[in-house]
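For what it's worth, full-length UniProt numbering labels the leading residue of the sequence shown as 1, then goes sequentially. Single-structure report; data block below.
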Amino acid sequence: MRNLRNAHFVRQTLARASSPCLSVCWDPDTDDVICAVGPTAERAKIEVVRLSHGDGDSPRTVAAWDAPSPHPDLAVDRVVDIHHVGGSATTCLVLEGGDVITVREGKSSGDAARVEIVGSIDAGIAAAAWSPDEELLAVVTKTDTVILMTSFFDPVADIALIPDDLKASKHVSVGWGKKETQFQGRGAKALRDPTIPEKVDQGLPSAYEDGATTISWRGDAAYVAVNSARQSDRRVVRIYSRQGQLESATEPVDGLEASLSWRPSGNLLAGIQRKDDSIDVVFFEKNGLRHGEFPLRCPAGAASYEGRILLQWNADSTVLAVIYHDALQLWTTSNYHWYLKQEIPLDDGVSWLAWHPEKALRFAAVSSASIITTEHISSTARGSCRPPYDNGAVAVIDGRTVKLTPFRAANVPPPMSLFEVEAESPVIDVALGRRNESFAILHQKGVDLYDMPAISGRPAQPRLKARVPFPERLRPLRLCCVATGLYRCIAHRDGPGCLHLGINAEAGRMELLADKRDLVSTSALDDGSLVEGLGQDLSGNLYRLSDSSSEPLSIRFLSYLPWFDIVKLESVSVAFGLSRNGHLYANDRVLAKNCTSFLVTPNHLVFTTSNHYVKFVHLTPDVNDLEVPEDEPEKDERCRGVERGSCLVVAMPTNMSLVLQMPRGNVETIFPRAMVVSGIRDLIEDKNYGRAFSYCRTQRVDMNILYDHRPTQFLSSVSQFLDQLAEVSYIDLFLSSLREEDVTKTMYQDTKRRLPEPQETINKSSPTASKVNTVCDALLKRLQSRKKTNLQNILTAHMCKLPPALDDGLTLVAELMQEDEQLADKAIEHVCFLVDVNRVYENALGLYKLDLALLVAQQSQRDPREHLPFIQKLHGLPELRRRFEIDDHLGRRSKALKSLQALDAFDELCGYTTKHTLYQEALKLYRYDQPRLQTLTRLYAEHLESQSAHREAGLAYESLDDFVKATSCYRAAGTSCWQECLFTAQMQQCPPLSDEAMTDLATSLADALYEAKDYSSAATIHLDHLSSLEGAVRCLCKASKFAEATRLVTQRKRPDLVQTAVDVGLAEAAGSTTEFLADCKAQLQSQVPRILELRRRAAEDPLSFYEGERVGGASVPDDVSVAATSRLSTTTSASLFTRYTGSMGTGVSRASSKNRRREEKKRARGRKGTVYEEEYLVNSVTRLVERVAASTADVEALLAALVNRHLTHIIN
């Protein structure tokens, strides 16, 4: 779908030259053209000239020398091949007379060049060619010998061309095509095998056979092909390896001529076959077999062509140049069709063509007394991508034909097209007008203007509006639309150079403009209201093209970018451009360095990358805010993987689609998630819910976006939403797709930076509201008035709630059963389709509507023996008993309990409560019926006691004034309930607890508290309930409450206990504390130095520290900082300390769980000498410090008591 568009054209004249004596090559280091002029019959001299574009001194003579003919039968010598060896400033010329000459230029322009004849072949040279890697030179002599020599001109191989070479490829003929082997009976043609040719070529020579020889190398320089007609009965192409070994010879081809060019990619060799009625370019494979052909089209104005035709592939194998005597054609292939993209007429003849070895679409052509240097770019002629005019119009040039396809109306694969338009002469360029409603065709004779109207929204056959011829003879180059109905043509004319011509479509006239800017690239900006022409010069400056002039823009590129486009965002112009090396620019900012194609839509910059992704960049007025997504298609909707080598053709935002062309030439239309979701967002904001829903359905976009993108707007537009969807099935599909997830925050995050609306933020900030229920309620509110037409939607809305509102839906069905039984059957069938039928049946039973439950059971394919007896049984029960049976059957115990209460079956209720553990529900029901409440409470207490919930059981018994059972439960509860236990024991009246029993109880509780180390509570029991002051003092001293102990002793007037109890307690406490502190001190003195020693060793010799001592005292290597080598463990490739310092970033699997447990045990033991010892010691010291800190309060109380009792000598 791409055309070749001219980007550079220069014509330089050499007055000293004549057509047959010019040959050129490229200097890839400087992009100069090196030309060899002469010799001629009048002037037997060769002159090497260097032509530099933009050089004021160009052309500049490099060297000149006499070159007389070395053979009497050769009137004038001729340059067979000229080649500049890159990086050496050396040009090699091979002459027909047999001389091989090198011209070495000086280091500066003033130094004289050195001309040297490095070798000579006496027999003369018929053809010569350098290999692409410049390591070999292939020469064919006039005595039919192939010579291969190195770049230093040392011979590698010397091969004679002999007739036996044709046997290298054993092309066996079995007589196909001969008359005697063909069945000529009735229906012979119908029975003929279509894979067998009607005629087999014999290799007959062409009527224009000139006996010339041609050499062509494959792009990787591994093979060389020689096309010659000597030493055989036919013209044959021999293929040799670079060592000189014959690989194959081509099969016979009638009319095969001398032209030969091997495609650099290596798959095809191109030659010329002249037939009686046509001239074909034929292709061969490396094995010599034919591989297709295509017919040539003679230059404009010629019915046939009788001269020699030359072929030349460009460097990247995309363009085949066909050189006639007076014209040059550029052919490309796509989808197995050959397109004539450009035809360049040269009235003064073409004798030589040289493609640039690095810049694939630049070449130099030699004509009579002039050299033409031109460059093309591969460009797509597409229309505007601005909705609603984005019909996807793309124009493809094929000779005189323009193939036009609006992809939005018809996705026609190339080489076919929806429309074809014929021009008077070969087409040069195509430009589409405003809103894709018109276009102009630039050809060699003028400009054809067409209208492309739309009928019922679909483009119609283009209509010719005007043909505007050129006012004078010139060379048209480019065409662009500058305004509505106005076009500008940039042409070249000898002398003035660049010309600007204005074309008025309405008036049908062309006029010469005063503008002389050399704009090498043009584009157009169509913003819907108007169209502007844009241009770029070789410095990267951008211009706006008006009716008659060009105005510089404030933005520019850093250098010339062949492909560019400009878009206006909020009245700010932003220019996007692509360089030849794949750098994508936004003004002067580089966005990507691996771009292969790009285009601009009103919302996105879309481009493809060499990593086979298509990416979308949201457009912003500030180029610094443009955010290019990463290569993460699974995470970012703005990135999508495409087929290798895909390039953009056109975008259609209205259809949310993108057309890509694959390397083979076929086109594919995709719907990228970024375009689809962006388009759906725009449709939602325009309240076009019907179309947004349609795209969600066809493109498999989650329909929650219809609500999540604008929740408040949706809730206020529910009626409009229902009207636009209209179809009942569509509304059901939307309702069934609802879920709580906010898809605008998960799968469809809006990657464009836009400020959220305050009301939307407030609506989404409520975490308690259920989105699904909110939407269903909003739709139900509007659907109630449409019950006759949208009954199914009402039921769906009820069923899609979370949880499903089955009771509401079934109640509606029950109402329908009274009105229309047939409609009720359909309704219950729909409900059973949406929700599990067993669940629907249970809910129908729960409504106590047996007819409804029976209807559901009939829809459920249930066995009647399962439900009919049960329903019949329910029919025979009273209302309350029936409700109890239904609730009990459905497991709704609380409701069943209420039914028993209504039946006043208290005994049954008690049994039911005990059976199903419904004590709390039963207590709540009878909280105002005191006798029954006590009965239930006793049942509950017994249940708690059986479950070992002694504290709760004691509380229940205590509320019933059953202090005996309460005391038993509190005592079983342990030390946590000693106060409650003593209280209920003292409250016992029937029978009252004896003093001895009370003392036993208090003693047991005090002992239990002492064992539990609750010394304060034990002291309270000894003092208050056992009247044991000595026991209380002992417990207080154990609790380090010495002050309280001395207070009680003095209060109770027992001073004797100070020495017998308090002082003894002080001594015991002092002894245990001293021992504890001594142990801590000893531990610190042993562990802290060891920690310091381990840290010192780790710092001094980490290898020895982490790996352990080596047996034999081997020296320790000093490569600690490098990764582990073979002398260490080979289980991983990580560094030495990986297993101690963390995980490695490799794919090595971790240790098994068993090994991890073993490591944890080692870490916990902290055995001396292991790597875990330091960690173990640090943790031990940490625990010791915490224990000492916790004992601070007790130590302070002990010291104070010792001072008061003058017993400090105990701790000295």
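From the three backbone atoms N, C-alpha and C, an ideal C-beta is built for every residue, glycine too.
So is T796 buried or exposed if we call it buried at 16+ other beta carbons inside 10 Å? By 1-based counting over the sequence shown, the position of residue 796 is 796. It is buried - the Cβ of T796 has at least 16 other Cβ atoms within 10 Å.
Distance, R782 Cα to S719 Cα: As a working mapping, residue 719 is identified with position 719 in the sequence shown. As a working mapping, residue 782 is identified with position 782 in the sequence shown. Straight-line Cα distance between these residues: approximately 6 Å.
Going by DSSP in three states, D820 sits in which element: helix, strand or coil? As a position in the sequence shown, residue 820 is number 820, starting the count at 1. Coil at D820, not helix or strand.
With distances taken between CB atoms, is the gap from A126 to T13 smaller than 7 Å? In the sequence shown, residue 126 corresponds to position 126, counting from 1. In the sequence shown, residue 13 corresponds to position 13, counting from 1. No, these two residues do not count as a Cβ contact at 7 Å.
Grab the span of the beta strand (DSSP E) containing R274 for me, first residue to last. Indexing the sequence shown from 1 puts residue 274 at position 274. R274 -> beta strand (DSSP E) spans 269-274.
Just confirm the distance between the C-beta atoms of S169 and A222, as a whole number of angstroms; I'd bet it's less than 8 Å. Locating residue 169 in the sequence shown gives position 169, counting from the first residue. Locating residue 222 in the sequence shown gives position 222, counting from the first residue. Actually they do not touch by this definition, with Cβ atoms about 18 Å apart.
How many whole angstroms separate the CB atoms of F153 and G124, which I take to be in contact at a CB cut-off of 8 Å? Stepping through the sequence shown from its first residue, residue 153 is reached at position 153. Stepping through the sequence shown from its first residue, residue 124 is reached at position 124. With 8 Å as the limit, F153 and G124 do not qualify as a contact, their Cβ atoms being about 17 Å apart.
Taking just the CA atoms, how far does L1001 sit from L1009? Reading the sequence shown from its first residue, position 1009 is the one you call residue 1009. Reading the sequence shown from its first residue, position 1001 is the one you call residue 1001. If you take the alpha carbons of L1009 and L1001, they lie about 12 Å apart.
How should Q713 be labelled, buried or exposed, when 16 other C-beta atoms within 10 angstroms of its C-beta is the threshold for buried? Against the sequence shown, residue 713 aligns to sequence position 713. Buried: at least 16 other Cβ atoms inside 10 Å.
Same chain, Cβ closer than 8 Å to R1095, five either side skipped, listed in chain order: Counted from its first residue, the sequence shown places residue 1095 at position 1095. Same-chain partners within the cutoff: E1174.
Rounded to a whole number of angstroms, what is the C-alpha to C-alpha distance between L346 and H325? The residue given as residue 346 occupies position 346 in the sequence shown. The residue given as residue 325 occupies position 325 in the sequence shown. Near 8 Å, if we compare the C-alpha coordinates of H325 and L346.
Close beta carbons around L148, own chain, < 6 Å, minus the five adjacent residues each side: Reading the sequence shown from its first residue, position 148 is the one you call residue 148. Correct list, in chain order: L136, A138, V156, A157, G244.
Looking at C-alpha atoms only, which residue of M510, E1075, V623, W262 is the closest neighbour of residue 1236? Examination of residue 1236 is not possible in this model, given that the chain is present from 1 through 1212 alone.
A1082 classed as buried or exposed, judged by whether at least 16 other C-beta atoms fall within 10 angstroms: Start at 1 with the first residue of the sequence shown, and residue 1082 comes out as number 1082. Exposed, by the Cβ-count rule.
Rounded to a whole number of angstroms, what is the C-alpha to C-alpha distance between E78 and E437? Stepping through the sequence shown from its first residue, residue 78 is reached at position 78. Stepping through the sequence shown from its first residue, residue 437 is reached at position 437. Here residue 78 turns out to be Arg, not Glu, going by the sequence shown. Rounded to the nearest angstrom, the two C-alpha atoms are 56 Å apart.
Would you report the Cα separation of T90 and E358, rounded to the nearest angstrom? By 1-based counting over the sequence shown, the position of residue 90 is 90. By 1-based counting over the sequence shown, the position of residue 358 is 358. Each residue's Cα considered, the two are about 18 Å apart.
Integer-rounded CB distance, given that I503 should sit under 8 Å from V447: Here residue 447 corresponds to residue number 447 of the sequence shown, with the count starting at 1. Here residue 503 corresponds to residue number 503 of the sequence shown, with the count starting at 1. That belief holds up - the Cβ atoms of V447 and I503 are roughly 5 Å apart, short of 8 Å.
Quick check: the Cα distance between L735 and H604, rounded to an integer number of angstroms? Counting from 1 along the sequence shown, the entry for residue 735 is found at position 735. Counting from 1 along the sequence shown, the entry for residue 604 is found at position 604. Their backbone Cα atoms lie some 32 Å apart in a straight line.
Tell me, please, whether the segment 786-794 touches the segment 721-731 by the rule of three or more beta-carbon pairs shorter than 8 Å. yes
Just list the residues that DSSP pairs F564 with in beta bridges. One-based indexing of the sequence shown puts residue 564 at position 564. According to DSSP, which records beta bridges pairwise, F564 is partnered with G577.
Can K771 and E740 be called in contact, C-beta distance under 7 Å? For the purposes of this step, residue 771 is taken as the residue at position 771 of the sequence shown. For the purposes of this step, residue 740 is taken as the residue at position 740 of the sequence shown. Contact flag set, yes.
Are the beta-carbon atoms of Q661 and V649 separated by less than 7 Å? The residue you call residue 661 lines up with position 661 of the sequence shown. The residue you call residue 649 lines up with position 649 of the sequence shown. Going by C-beta atoms, Q661 is nearer than 7 Å to V649.
Going by beta carbon distance, what residues of the same chain come within less than 6 Å of S1129, once the five residues before and after it are set aside? Here residue 1129 is taken as the residue at index 1129 of the sequence shown, counted from 1. The predicted model places S1129 with a pLDDT of 38, which falls under 50 and marks its position as unreliable, so this point remains unresolved.
Enclosing alpha helix (DSSP H) for P552 [first to last residue]: On the sequence shown, residue 552 is found 552 positions in, with the first residue counted as 1. Taken as a continuous stretch (DSSP letters only), P552 belongs to no alpha helix (DSSP H), being part of the beta strand (DSSP E) at 550-556.
Give me, in chain order, the residues of the same chain whose beta-carbon lies closer than 6 Å to that of H515; leave out the 5 immediate sequence neighbours on both sides. The residue given as residue 515 occupies position 515 in the sequence shown. The sequence given here places Asp at residue 515; His does not occur at that position. Once the five neighbours on either side are set aside, the close Cβ partners of D515 are H500, S549, S550.
Taking the alpha-carbon positions, what's the D81 to M452 distance? Locating residue 81 in the sequence shown gives position 81, counting from the first residue. Locating residue 452 in the sequence shown gives position 452, counting from the first residue. In a straight line, the C-alpha of D81 is about 51 Å away from that of M452.
I'd like to check one pair, L545 with R488: are the Cβ atoms closer than 7 Å? The residue you call residue 488 lines up with position 488 of the sequence shown. The residue you call residue 545 lines up with position 545 of the sequence shown. Yes, these two residues count as a Cβ contact at 7 Å.
How would you label V856, buried or exposed, when you count the other beta carbons within 10 angstroms and need 16 or more for buried? In the sequence shown, the residue the question calls residue 856 occupies position 856. Its Cβ being crowded by 16 or more others within 10 Å, V856 is buried.
Answer with buried or exposed for I684, where buried requires no fewer than 16 other C-beta atoms within 10 angstroms of its C-beta. Position 684 of the sequence shown, counting from 1, holds the residue named residue 684. When all chains shown are included, I684 counts as buried.
Are the Cβ atoms of Q988 and F963 separated by less than 7 Å? Here residue 988 refers to the residue found at position 988 of the sequence shown. Here residue 963 refers to the residue found at position 963 of the sequence shown. In this structure, F963 lies closer than 7 Å to Q988 by Cβ.
What three-state label does DSSP hand R104 in the structure shown? Within the sequence shown, numbered from 1, the residue matching residue 104 stands at position 104. Correct three-state label for R104: strand.
Do V402 and V430 count as a contact pair if the criterion is CB distance below 7 Å? Numbered from its first residue, the sequence shown carries residue 430 at position 430. Numbered from its first residue, the sequence shown carries residue 402 at position 402. In this structure, V402 lies closer than 7 Å to V430 by Cβ.
Cβ pair R238, V226 closer than 7 Å: Along the sequence shown, read from residue 1 onward, the residue named residue 238 stands at position 238. Along the sequence shown, read from residue 1 onward, the residue named residue 226 stands at position 226. A contact, by the Cβ cut-off of 7 Å.
Neighbourhood of Y613 by C-beta, 8 Å cutoff - its chain only, sequence neighbours within 5 removed: Position 613 of the sequence shown holds residue 613. The residues are D631, P633, C639, R640, G641, V642.
Reference K275; option with closest CA among P205, T1003, T333: Residue 275 sits at position 275 when you count from the first residue of the sequence shown. Taking only the C-alpha atoms, the option nearest K275 is P205.
Looking at L311: is its Cβ nearer than 7 Å to the Cβ of S259? On the sequence shown, residue 311 is found 311 positions in, with the first residue counted as 1. On the sequence shown, residue 259 is found 259 positions in, with the first residue counted as 1. Result yes, Cβ atoms of L311 and S259 sit closer than 7 Å.
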